[in-house]
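Colleague: The structure is given below, and queries will be raised subsequently.
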Amino acid sequence: MKEKPMVVLVDVFFLHLAQTGIKTYIDSLISQIENYPGKSYQFIVYPSAKKIRSRNYFKGKTARWKNWLFQFRYFFHKLIVLPWLSYRYQADLVFCPDILAPLWSRGKRVAVIHDAFFWESPEHYHPLWRKIYLFFVKASLQRGTRVLTVSFYAKSRIERFLKTPHPIRAIPTGLNVRIPKKPVSGNSPLDSPYFLHVGVMEKRKNLEFLVQAFALFREQSDEDYNLVLVGQRGPRLTLDAYDEVVDEIRRLGLQKQVVLPGYLSNEELERYYHFATAYVFPSKNEGFGLPVLEAFSYGLPVVIGPQGALMEVGGSAVICSDSFNPVDLAKTMITVASDPNLRANLIARGRKRLLAFTGEKFFLSLQAYFKEIVDGN
1 MKEKPMVVLV DVFFLHLAQT GIKTYIDSLI SQIENYPGKS YQFIVYPSAK KIRSRNYFKG
61 KTARWKNWLF QFRYFFHKLI VLPWLSYRYQ ADLVFCPDIL APLWSRGKRV AVIHDAFFWE
121 SPEHYHPLWR KIYLFFVKAS LQRGTRVLTV SFYAKSRIER FLKTPHPIRA IPTGLNVRIP
181 KKPVSGNSPL DSPYFLHVGV MEKRKNLEFL VQAFALFREQ SDEDYNLVLV GQRGPRLTLD
241 AYDEVVDEIR RLGLQKQVVL PGYLSNEELE RYYHFATAYV FPSKNEGFGL PVLEAFSYGL
301 PVVIGPQGAL MEVGGSAVIC SDSFNPVDLA KTMITVASDP NLRANLIARG RKRLLAFTGE
361 KFFLSLQAYF KEIVDGN
């Protein structure tokens, strides 16, 4: 008798809003599902990811009424639509790659909590919405939802704040990273060597600190370096650090040395990656740190601050400053910029490190976890 496949309902509604790590996580998951060759699982992705990607209605800096509309639709989807879909499709498991799973459904439920930001940085969230989210997260867990997270560092942080009936499981994120070839011809986007950072300008990314360290770096460097900060404003006023970063650049007189190109096309972004001296990621608060892997794929040495998730992901392939003091980060940037042998060594290690975080490994681990839950282990 033919064995019935496990039906997994995958909720990607949060793609309407996601712009950073959760978006990359969901995109990687969808890519694996689309290329899944097996018959043991039937994955149902809802809503249509293709349709969501074609719309930008809730993305970027939006009016307050739009934010309220999204929240209403989000909770209606989680509390009404998903449970109904679980019965319609006879799901064995409902998988939510964002923080919240439904309170009830057919089959088991799994929510991915990517980090402990809700607890560690409450000032970055609207107090009402934070309270509502945490209420439903706790209610969902009390009704049997399992918690998955993206790194062992994130697991250790979340466990400090969240008591769950079932153990929290860490399955590191994986990417099918394309290794882009550096163009044989073509010019650098800048006339001077430069350090690169790519990402939404949120407060937790610590970009003011990076600007301060860069100012100290320039005082000690013999070469005329630039710093390139690629990215848009933070998605919400409470998270956005753009104005503070610009003010710090002006205060230090670095308007010509710090480049803010904003949003870039993929082709333009690749040019900045290909010709950078190193990638600098000084974030103080990460659940995983996908930009580290992306920088590895472009063959860049990576400089980080002493943040647990980034150290876990980067391993010996990154160089880490001793502290979040600008003097220490500047010192580390000087070390990387002045030592071509160190850069070559870091690049080789980075390429090797990528193999530990493939999309295939991530998806196989996810399938094994689903089977374990549904089988009642």
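Counting from 1, position 66 in the sequence shown corresponds to residue 66 in full-length UniProt numbering; the numbering is continuous, with no gaps. C-beta: ideal position from N, C-alpha, C; glycine also. Bear in mind the structure is a predicted one, so any value in this text is a computation, not a measurement.
1. Measuring straight from C-alpha to C-alpha, what distance separates PHE152 and LEU290?
2. In the DSSP assignment, find the beta strand (DSSP E) that holds PHE14 and state where it starts and stops.
3. Does the Cβ of MET1 have 16 or more other Cβ atoms within 10 Å, making it buried, or fewer, making it exposed?
4. Quick one: grab the DSSP three-state call for ASP240.
5. Taking 7 Å as the cut-off, decide whether the C-beta atoms of PRO282 and GLY305 are in contact.
6. How long is the line joining the alpha carbons of MET333 and VAL292, rounded to whole angstroms?
7. Go ahead and pull the three-state DSSP assignment for LEU364.
8. So is VAL8 buried or exposed if we call it buried at 16+ other beta carbons inside 10 Å?
9. Hey, could you find the ends of the alpha helix (DSSP H) PHE118 is sitting in?
10. Where are the beta strand (DSSP E) runs, 3 residues long or more, that stay fully inside the region 120-180, in chain order?
11. Between which two residues does the alpha helix (DSSP H) holding VAL211 run?
12. Run through DSSP, which three-state label would residue 408 get?
13. Where does GLU312 sit, in a helix, a strand or coil, going by DSSP?
14. What residues match up with LEU227 in a beta bridge as DSSP calls it?
15. Cutting at 6 Å between CB atoms, please list the residues of its own chain near SER140, excluding the five before and the five after it.
16. Quick one: give me the first and last residue of the beta strand (DSSP E) that GLU281 is part of.
17. State the DSSP-derived secondary structure class of PHE288, mapped to helix, strand or coil.
18. Is GLU3 helix, strand or coil when you go by DSSP?
19. Can you tell me which of the three DSSP states TYR46 falls into?
20. Could you check the C-alpha separation between TYR25 and PHE363 for me, to the nearest Å?
21. Ignore the nearest five residues each way along the sequence and tell me which others in MET6's own chain have a CB closer than 8 Å to its CB.
22. Return yes when the Cβ of TYR242 is within less than 7 Å of the Cβ of ARG233, no when it is not.
23. What is the DSSP secondary structure of TYR41, reduced to helix, strand or coil?
Modeller: So, to answer that:
1. To locate residue 152, count along the sequence shown from 1; it is residue 152. To locate residue 290, count along the sequence shown from 1; it is residue 290. Their backbone Cα atoms lie some 15 Å apart in a straight line.
2. Here the question's residue 14 lines up with position 14 in the sequence shown. Unbroken run through PHE14: none, as it is neither H nor E.
3. In the sequence shown, the residue the question calls residue 1 occupies position 1. Its pLDDT being 48, under 50, MET1 is placed unreliably in this model, and the value from its coordinates should be taken loosely. Exposed.
4. On the sequence shown, position 240 is the one that residue 240 refers to. In this structure, ASP240 counts as strand in the three-state DSSP scheme.
5. Residue 282 sits at position 282 when you count from the first residue of the sequence shown. Residue 305 sits at position 305 when you count from the first residue of the sequence shown. Against a cut-off of 7 Å, the Cβ pair of GLY305 and PRO282 comes out as a contact.
6. Counting from one through the sequence shown, the residue named residue 333 turns up at place 333. Counting from one through the sequence shown, the residue named residue 292 turns up at place 292. Looking at the two C-alpha atoms, the distance is approximately 16 Å.
7. Position 364 of the sequence shown, counting from 1, holds the residue named residue 364. Of the three classes helix, strand and coil, the one that applies to LEU364 here is helix, per DSSP.
8. The residue you call residue 8 lines up with position 8 of the sequence shown. Its Cβ being crowded by 16 or more others within 10 Å, VAL8 is buried.
9. Position 118 of the sequence shown, counting from 1, holds the residue named residue 118. Unbroken alpha helix (DSSP H) run through PHE118: 117-120.
10. 146-149
11. Here residue 211 corresponds to residue number 211 of the sequence shown, with the count starting at 1. Looking at the DSSP string, the run of the alpha helix (DSSP H) that includes VAL211 is 207-220.
12. The question about residue 408 has no answer, for the chain in this structure spans 1 to 377.
13. As a working note, residue 312 is residue 312 in the sequence shown. Looking at GLU312 - three-state DSSP - the assignment turns out to be helix.
14. Locating residue 227 in the sequence shown gives position 227, counting from the first residue. Its beta-bridge partners are PHE195 and VAL258.
15. The count along the sequence shown starts at 1 and reaches residue 140 at position 140. Counting only Cβ-Cβ distances below 6 Å, and skipping sequence neighbours, we find ALA101 and LEU103.
16. Reading the sequence shown from its first residue, position 281 is the one you call residue 281. Residue identity differs from the one stated: residue 281 is Phe in this sequence, not Glu. Where PHE281 is concerned, the enclosing beta strand (DSSP E) stretches over 278-281.
17. Sequence index remark: in the sequence shown, residue 288 carries index 288 (1-based). It is coil, neither helix nor strand.
18. The count along the sequence shown starts at 1 and reaches residue 3 at position 3. If DSSP states are grouped into helix, strand and coil, GLU3 belongs with coil.
19. If you number the sequence shown from 1, residue 46 lands on position 46. In the structure shown, TYR46 sits in a strand (DSSP, three-state: E or B).
20. Numbered from its first residue, the sequence shown carries residue 25 at position 25. Numbered from its first residue, the sequence shown carries residue 363 at position 363. So the two alpha carbons sit approximately 11 Å from each other.
21. Numbered from its first residue, the sequence shown carries residue 6 at position 6. Once the five neighbours on either side are set aside, the close Cβ partners of MET6 are SER40, TYR41, GLN42, ASP92, LEU93, PHE370, LYS371 and VAL374.
22. Numbered from 1 along the sequence shown, position 233 holds the residue referred to as residue 233. Numbered from 1 along the sequence shown, position 242 holds the residue referred to as residue 242. Closer than 7 Å, so yes.
23. In the sequence shown, counting from the first residue as 1, residue 41 sits at position 41. Residue state, collapsed to three classes: strand.
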